[in-house]
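Below, the structure is given as structure tokens:
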């Protein structure tokens, strides 16, 4: 019987008030876990991994498949500037790890499966003082870790930066948006507000499509009731949203991913969002939610099971309604992206409805269709068309349209056929290199609106 961590228990009255009770009790509860012996399980250490907070080992099994063993406990020292890491700030930030639910991955796995989202199926282990860990023995001995296979069934995947290079630099791929939408709405449902670009891998599919594969939903079910975190949220950290039994703060949950979602979900219209959300909500039946909660250790269920189940049911009931609010938020203005290759942006229709299509150009002639979406004025006011390098064409059908258009192009021999429409603005040379921007979180809540 081992706890996930003991460093968050008995914080004292003042610390509890200022930093929150959070999930301190769950971190400290001893649970029964299997013991992980490296060689007995048939694994070999490949290399040390991990981000700013998580310590992990990259492993390979007997078949050469990649796995990762990562600590449940977080270490925030590397996430802080060196000067702050030597002050009381380190302790304050470390204590906020107690707001993360230590056993959330066990619940998220069956929820993902129920709604058809690819994801890992982690197993929690206690790591003994095992000499087979070699130089990493002391770092992992005595810790609680989770073991999961990385992108099971995929021989090769791309990180988000490489995926964007394929889409924009090479013009050879497009995002498979429908499966990504499911994954993003699952993020909303479980309250994971920390979905940065580094937590996605991309698998190549037929037809030049890239399918998103989520990783490391470490902030699922995040909860804090401390005075200081709530002040920080009100002042600046809008995304620091606690897990409740509703989805009222959907803006905060999605905030960090606004640029990401605007790029990768751009082609999906209202009917596709509504169908996806209704299907997901129908799949998250009471029995699915109950079985997901039962995936936690019995000792954790006894303390947190009823509360978590109530919260999941409340959020399930609000999922379609709230997801569509996010759709309308993103649809206020829409970015339509081309690539560094030659393309034609075609806008047809007039009045309150237009269709935007993007075609690859081969020797000046239209090739395969890269983008196709119908827009209605009730949802969208501004359409921003982004061409990058290459010789591109912009063709906007004559007629009175109630939409505004911004045409953005880098250097190149570009052609414009806009019929003198005053609602069309040419923003030459504006795109520059937008790829790095797409990998960053939104700068402020206001940046999601126009």
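In this note's numbering, the protein residues as written are 161 to 610. Note that CB positions come from ideal geometry on N, CA and C, so glycine has one too.
Do residue i and residue j have their C-beta atoms closer together than 9 Å?
| i | j | result |
| --- | --- | --- |
| residue 299 | residue 215 | yes |
| residue 372 | residue 424 | yes |
| residue 563 | residue 519 | no |
| residue 639 | residue 533 | The structure shown does not extend to residue 639, since the chain is modelled only from 161 through 610, so no value can be given for it. |
| residue 407 | residue 267 | no |
| residue 228 | residue 193 | no |
| residue 387 | residue 287 | no |
| residue 255 | residue 171 | yes |
| residue 348 | residue 483 | yes |
| residue 329 | residue 571 | no |
| residue 292 | residue 206 | no |
| residue 452 | residue 271 | yes |
| residue 497 | residue 327 | yes |
| residue 430 | residue 491 | yes |
| residue 384 | residue 180 | yes |
| residue 357 | residue 420 | yes |
| residue 164 | residue 233 | yes |
| residue 263 | residue 458 | no |
Taking DSSP as the reference, what is the three-state secondary structure of residue i?
| i | result |
| --- | --- |
| residue 451 | helix |
| residue 540 | coil |
| residue 519 | strand |
| residue 359 | helix |
| residue 271 | helix |
| residue 546 | strand |
| residue 163 | coil |
| residue 608 | Confidence is the limiting factor: at residue 608 the pLDDT is only 41, short of 50, which leaves the residue's position unreliable and the question unanswerable from this model. |
| residue 170 | coil |
| residue 509 | strand |
| residue 189 | coil |
| residue 180 | coil |
| residue 403 | coil |
| residue 264 | helix |
| residue 535 | strand |
| residue 616 | A question about residue 616 goes unanswered here, because the residues of the chain that appear run from 161 up to 610. |
| residue 592 | Any reading at residue 592 is ruled out, since the residue's pLDDT is 49, under 50, leaving its predicted position unreliable. |
| residue 175 | helix |
| residue 444 | coil |
| residue 437 | helix |
| residue 334 | strand |
| residue 277 | coil |
By DSSP's criteria, residue i is part of a beta bridge. Which residues make up the other side?
| i | result |
| --- | --- |
| residue 611 | The structure shown has nothing for residue 611, since the chain only spans 161 to 610. |
| residue 286 | 195 and 304 |
| residue 209 | 216 |
| residue 227 | 219 and 309 |
| residue 390 | Answer by DSSP bridge pairing: none, since residue 390 is not bridged. |
| residue 319 | 361 |
| residue 496 | 545 |
| residue 576 | 554 |
| residue 560 | DSSP output for residue 560 lists no bridge partner at all. |
| residue 503 | 520 |
| residue 529 | 519 |
| residue 204 | 220 |
| residue 514 | 509 and 535 |
How many whole angstroms separate the CB atoms of residue i and residue j, which I take to be in contact at a CB cut-off of 8 Å?
| i | j | result |
| --- | --- | --- |
| residue 218 | residue 224 | Wrong, their Cβ atoms sit about 12 Å apart, outside the cutoff. |
| residue 382 | residue 402 | 7 Å |
| residue 541 | residue 493 | 6 Å |
| residue 339 | residue 432 | Wrong, their Cβ atoms sit about 12 Å apart, outside the cutoff. |
| residue 107 | residue 405 | The displayed coordinates of the chain run from 161 to 610. Any statement about residue 107 would go beyond what the structure contains. |
| residue 556 | residue 524 | Rounded, the Cβ-Cβ distance is 19 Å, inconsistent with contact. |
| residue 463 | residue 185 | 6 Å |
| residue 360 | residue 320 | 5 Å |
| residue 567 | residue 585 | 7 Å |
| residue 511 | residue 473 | Actually they are not in contact, since the Cβ atoms of residue 511 and residue 473 sit about 43 Å apart, beyond 8 Å. |
| residue 495 | residue 422 | 5 Å |
Ignore the nearest five residues each way along the sequence and tell me which others in residue i's own chain have a CB closer than 8 Å to its CB.
| i | result |
| --- | --- |
| residue 503 | 331, 518, 519, 520, 521, 530, 547, 550, 552 and 553 |
| residue 443 | 274, 275 and 276 |
| residue 280 | 265, 269, 308, 309, 310, 312 and 375 |
| residue 379 | 260, 351, 352, 353 and 354 |
| residue 202 | 221 and 222 |
| residue 392 | 400 |
| residue 367 | none |
| residue 479 | 345, 348, 349, 407, 437, 440, 441 and 444 |
| residue 450 | 469 |
| residue 178 | 386, 387 and 388 |
| residue 197 | 288, 290 and 292 |
Among residues of its own chain, excluding the 5 on either side of residue i, which ones have a beta-carbon nearer than 6 Å to its beta-carbon?
| i | result |
| --- | --- |
| residue 145 | This structure cannot speak to residue 145, because the chain is shown only from 161 to 610. |
| residue 575 | 553 |
| residue 577 | 555 |
| residue 475 | 349 and 407 |
| residue 377 | 268 and 352 |
| residue 333 | 326, 327, 368 and 370 |
Who are the Cβ neighbours of residue i in its own chain at under 7 Å, not counting the five residues just before and after it?
| i | result |
| --- | --- |
| residue 609 | Because residue 609 sits at a pLDDT of 41, beneath the cut-off of 50, its placement in the model cannot be relied upon, and the following sentence gives the value as read from the coordinates. Cβ neighbours of residue 609 beyond the five flanking positions: 492. |
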